[in-house]
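Colleague: Protein chains in written order, with full-length UniProt numbering: chain Z, 1 to 329; chain Y, 1 to 329.
Note that beta-carbon positions come from the ideal geometry of N, C-alpha and C, so glycine has one too.
From a predicted model like this one, the values you see are computed outputs, not experimental measurements.
There are 2 protein chains.
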Amino acid sequence: MQDVANRAGVTKQTVSNVVNGRAAVRPDTEARVRAAIADLGYEPNLVARSLATGSTMTVGLIVPTVASPFYSEIVEEVENVLDQHGYHLVLCTTRADGDRAKRQLAGLSSRLVDALLIAGDRDLTDPLALLPDARFPIALCAWETQIPDSLPVVTIDYEHAGFLAGEHLRSLGHRRIAAVVELPTHELRLAGLRRAFGHDKVSDDHVFVPTKPTPAGGFAAAQAALAADPELTAIFASHDLLALGVLEAVKESGRSVPGDVSVIGFDDTAPVALTHPALTAVAIPSREMARQATALLLRAIDEGTQPVNSAQLLRTSLVIRDSTGPAPR
Amino acid sequence: MQDVANRAGVTKQTVSNVVNGRAAVRPDTEARVRAAIADLGYEPNLVARSLATGSTMTVGLIVPTVASPFYSEIVEEVENVLDQHGYHLVLCTTRADGDRAKRQLAGLSSRLVDALLIAGDRDLTDPLALLPDARFPIALCAWETQIPDSLPVVTIDYEHAGFLAGEHLRSLGHRRIAAVVELPTHELRLAGLRRAFGHDKVSDDHVFVPTKPTPAGGFAAAQAALAADPELTAIFASHDLLALGVLEAVKESGRSVPGDVSVIGFDDTAPVALTHPALTAVAIPSREMARQATALLLRAIDEGTQPVNSAQLLRTSLVIRDSTGPAPR
DNA sequence: GTGAAAGCGCTAACAC
DNA sequence: GTGTTAGCGCTTTCAC
């Protein structure tokens, strides 16, 4: 920068003004400076700028994984918003590894980021205690388990979403159902389902916990469910990837969907609209959550305050497609 | 830091030594410093450290998208390797937007990152000219179109991979096939397919370009293919997501897979092993590419040199599952 | 083993 | 409009 200043016959400060378009600079001076910048191939050092300004123009995002449509949609949406505002994204995936999550949290805490968004409570329920004293804004999104009231959060009412799914199945006449549910992560979804049916109708022996959060996991769990009760007429899956596997398992067993067995998913991410039959699912506004949470953080950065500490619950809705129908007689 | 030093009755330098475990510090001094750190809740400012050391412990990754299993696997693998070495990941997705890609490139160029990995050439073939003069290591991976010889790259022989798929189908007796191919992105894959069959066997009117790189896109393209030539016995899809849609479209048309029509995919990402029938696919070692490219960069950072400029081609293989079989008579 | 001084490259605040 | 001065929080070098 000093070199540029020398070459243009000005001071560093003027170069800075030109680069940042901040103060008014006389056109001919600006031209000289720009010429010098071009000649020398000068590019400002953002680290130095960050040290001087105290802002890194970077936001951290912690997600459980990126290899699931739900979270990859969130990542993309967050990055969209950040990009629009000139911010960069530091991505951390926790991968069901609490230690890793803690390590990442510590790493980001040291002023590498201007704000932090934590999406999904899978691996980070505990270390959250560390957070409230951070010196940058933090927000949570897609938070399912006990919502800490020390931090702002944008999420949905997962219990209600589960209830919606249950109500839909119940109103179609289903009485004998199974649930393929990741536990304890998705226990609220299950609780909602049970509220719709009455707890006894979805007793523990009709709840199947997949070994992996993948279609394969859902497939195996659904096979177990059908083996345990061949008479069941509907299966609830606690998220879309599981539902994909459930759908296959039901079809594989020779049953028709939804003629013999109805299948309902959860999240309504992009891939499920194309299954055959197209999957009915509770739609979670993941992109909207990501947008709002990110906006919350950017506003907080702007105003130099902690974000308003509120719990914002977005609405969920049921997207009825072709995988659910009336219970067979 | 000065506060900590005062409280412990030492200088900033000693605090620095303690924090970094660098020089030898007398145990009692260290204890006093650590106590002061704990009391004051001191955390080192990484930005200041970066300015002093010239290293940000951050690597940039540019990918077309994160909402596809192929790239999300790469992102996860890169982050794994970085995490192991104490590095952070700055993620940029280009989203089929050349301008956005250019902007991000420019943003990262200004010493925010210690190295840059560009995976996938979808949106960044052009601005690559800007790169060679960057002052940090850069590497490419999963590069399909003309490989620039100014930068190191870890990729596969896409033409050969396409050839493998073609050979497989040909050896099963298929003669009348269609290809669902993203163009121009995947033209090498198509070229390989054609080399196996002879160009005339996969003429342009048997090539269908999906409107979107999703299962839905593959579904529509396969429907068009089947409508155009109801007699075809095999369909090649230029990547897995398309193959998922192709599979559905074939089944939907009342044909059996692989009895009537064989389907072969490309990439062999996790989801395809669970389709029914399980998808045969050319396996691309995406995680291995990501690992090697990342390792290349970390080594270059370590040694303070540009990475060795080589084109490394990993091997591909065919994973034969249940979606391909002998051509019907 | 610890301290003192200098500097990383930039911006902020004010004087001219 | 532009120059001057100070300082962001750390590491580096070298003297002690």
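Measure from the C-beta of Arg-100(Y) to each C-beta in chain Z and report whether the shortest distance is under 8 Å.
Modeller: yes
Colleague: Quick test of your reading: Leu-241(Z) and Thr-214(Z), contact by CB under 8 Å. State the CB separation rounded to the nearest angstrom.
Modeller: Yes, Leu-241(Z) and Thr-214(Z) are in contact; Cβ-Cβ is about 6 Å, under 8 Å.
Colleague: List the residues of chain Z whose Cβ lies closer than 8 Å to the Cβ of Asp-260(Y), in chain order.
Modeller: Those within 8 Å of Asp-260(Y) in chain Z number zero; the least Cβ separation is about 17 Å.
Colleague: In the DSSP output, which residue or residues are listed as bridge partners for Val-319(Y)?
Modeller: Ala-281(Y)
Colleague: Using a beta-carbon distance cut-off of less than 8 Å, what residues from the region 192-225 of chain Y approach chain Z?
Modeller: Thr-214, Pro-215, Ala-216, Phe-219
Colleague: Considering only residues of the same chain and omitting the five flanking positions on each side of Glu-248(Y), which have a CB-CB separation below 6 Å?
Modeller: Phe-219
Colleague: Curious, which full-length beta strand (DSSP E) runs of at least 3 residues does the region 164-243 of chain Y contain?
Modeller: 177-180, 234-237
Colleague: Closest to Ala-283(Z) by C-alpha separation, out of Arg-170(Z), Cys-92(Z), Ala-191(Z), Thr-269(Z), would be which residue?
Modeller: Thr-269(Z)
Colleague: Which runs of the beta strand (DSSP E) spanning at least 3 residues fall entirely within the region 58-108 of chain Z, listed in chain order?
Modeller: Within the region 58-108 of chain Z, the complete beta strand (DSSP E) runs of at least 3 residues are 58-63, 88-93.
Colleague: State the beta-bridge partners of Leu-117(Y) as determined by DSSP.
Modeller: Leu-61(Y), Ala-139(Y)
Colleague: Taking the alpha-carbon positions, what's the Cys-92(Y) to Pro-277(Y) distance?
Modeller: Taking the straight line from one Cα to the other gives about 35 Å.
Colleague: Would you verify that the beta carbon of His-168(Y) is, or is not, closer than 8 Å to some beta carbon of chain Z?
Modeller: no
Colleague: How many angstroms separate the CA atom of Gly-86(Y) from the CA atom of Ser-16(Z)?
Modeller: 33 Å
Colleague: Spatial neighbours of Ala-221(Y) within its chain, please: CB distance less than 6 Å, with the 5 preceding and 5 following residues excluded, ordered by chain position.
Modeller: Val-180, Phe-208, Pro-210
Colleague: Three or more C-beta pairs closer than 8 Å, one from the region 46-58 of chain Z and one from the region 48-62 of chain Y: is that the case here?
Modeller: yes
Colleague: With DSSP run on the structure shown, which of helix, strand or coil describes Gly-265(Z)?
Modeller: strand
Colleague: So is Pro-44(Z) in contact with chain Y if we call contact Cβ pairs under 8 Å?
Modeller: yes
Colleague: What is the DSSP secondary structure of Gln-13(Z), counted as helix, strand or coil?
Modeller: DSSP, read as helix, strand or coil, puts Gln-13(Z) in helix.
Colleague: I believe Arg-189(Z) touches Val-202(Z) by the beta-carbon criterion, under 8 Å. Please report the beta-carbon distance rounded to the nearest angstrom.
Modeller: Incorrect: roughly 11 Å between the Cβ atoms, too far for contact.
Colleague: Find the residues of chain Z that neighbour Glu-76(Y), judging by a C-beta separation of less than 9 Å, and give them in chain order.
Modeller: Thr-65, Val-66, Ala-67, Thr-93, Arg-95
Colleague: Could you give the first and the last residue of the continuous beta strand (DSSP E) run that contains Ala-311(Z)?
Modeller: 311-314
Colleague: Which chain Z residues are close to Ala-48(Y), counting only those with a beta carbon under 8 Å from its beta carbon?
Modeller: Leu-51
Colleague: I need the straight-line Cα distance from Val-246(Y) to Glu-252(Y), nearest angstrom please.
Modeller: 10 Å
Colleague: Taking the straight line between their C-alpha atoms, what separation do you get for Ala-26(Y) and Val-4(Y)?
Modeller: The displayed chain sequence assigns Arg, not Ala, to residue 26(Y). Rounded to whole angstroms, Arg-26(Y) to Val-4(Y) spans 17 Å at the Cα level.
Colleague: Assess contact between the region 37-45 of chain Y and the region 95-114 of chain Z, defined as three or more Cβ pairs (one per stretch) separated by less than 8 Å. Is contact present?
Modeller: yes
Colleague: Going along the chain, which residues of its own chain have a beta-carbon closer than 7 Å to the beta-carbon of Ala-196(Z), five neighbours each way excluded?
Modeller: Phe-163, Gly-166, Glu-167, Arg-170
Colleague: Give a yes or no on whether 8 Å exceeds the smallest Cβ distance from Asp-3(Y) to chain Z.
Modeller: no
Colleague: Helix, strand or coil, according to DSSP, for Val-257(Z) in the structure here?
Modeller: coil
Colleague: Output the distance between the C-alpha atoms of Gly-173(Z) and Arg-329(Z), rounded to the nearest integer angstrom.
Modeller: 9 Å
Colleague: Taking 8 Å as the threshold, find out whether the region 57-69 of chain Y comes into contact with the region 24-38 of chain Y through three or more Cβ pairs.
Modeller: Flag = no, the region 57-69 of chain Y and the region 24-38 of chain Y do not touch.
Colleague: Let's see if you can read the secondary structure: which residues bound the alpha helix (DSSP H) around Val-25(Z)?
Modeller: Run containing Val-25(Z): none; DSSP gives neither H nor E here.
Colleague: Does the beta carbon of Ala-273(Z) fall short of 7 Å from some heavy atom of the ligand FAD?
Modeller: Within the structure as shown, the ligand FAD is missing, as the structure has no ligands at all.
Colleague: Compare the C-beta of Glu-252(Y) with all C-beta atoms of chain Z and state if any pair is closer than 8 Å.
Modeller: Output row for Glu-252(Y): interface = yes.
Colleague: Would you say Asp-114(Z) reaches chain Y, if we count a Cβ-Cβ gap shorter than 8 Å as a contact?
Modeller: No, Asp-114(Z) does not count as interfacial toward chain Y.
Colleague: Evaluate contact between the region 153-162 of chain Y and the region 300-316 of chain Y, counting only Cβ atoms and requiring at least three cross-stretch pairs below 8 Å.
Modeller: With a cut-off of 8 Å on Cβ pairs, the region 153-162 of chain Y is in contact with the region 300-316 of chain Y, counting three or more such pairs.
Colleague: Of all Cβ atoms in chain Z, is any one closer than 8 Å to the Cβ of Ser-150(Y)?
Modeller: no
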